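Notes follow once the structure below has been shown.
Numbering (my numbering), first residue to last: 1254 to 1346.
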């Protein structure tokens, strides 16, 4: 298994949720592209309005930030989130 923490030099990327048909289509495409990836979640911490997920860097290498978001969420992500390296914060509202 790869390193389970995010490098301090990783850049935060805000990934918007979907609010219209076009943005939902992008989320849906990203979701379809990650369906075969298994056991990529190293840890998950549920909060009140957000969930923080750490992904296995070896399994998510080469994925876009949107793909990491939908992989961490397990579905197209309606509220979006923030991706910092292999750590994803999913917004719930």
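Note that the Cβ used here is the ideal one computed from N, Cα and C, for glycine as well.
Everything numeric in this text was worked out from a predicted model, so none of it was measured.
- With fewer than 16 other beta carbons inside 10 angstroms of its own, residue 1314 counts as exposed.
- DSSP, reduced to helix, strand and coil, places residue 1272 outside both helices and strands of the structure shown, so it counts as coil.
- Counting along the chain, the unbroken alpha helix (DSSP H) around residue 1320 starts and ends at 1318-1326.
- By the beta-carbon neighbour count (other beta carbons within 10 angstroms, threshold 16), residue 1334 is buried.
- In this structure the region 1265-1278 does not touch the region 1294-1306; the number of beta carbon pairs closer than 8 Å is below three.
- Annotation for residue 1308: 1293, 1294, 1295, 1321, 1324, 1325, 1339, 1340, 1341 place their beta carbon closer than 8 Å to its own, counting only its chain and skipping 5 residues before and after.
- In this structure, residue 1276 lies away from residue 1337, with their beta-carbon atoms at least 7 Å apart.
- Our two residues, residue 1283 and residue 1344, have alpha carbons roughly 17 Å apart in a direct line.
- Excluding residues up to 5 positions away in sequence, 1270, 1271 lie with their Cβ nearer than 7 Å to the Cβ of residue 1331 in the same chain.
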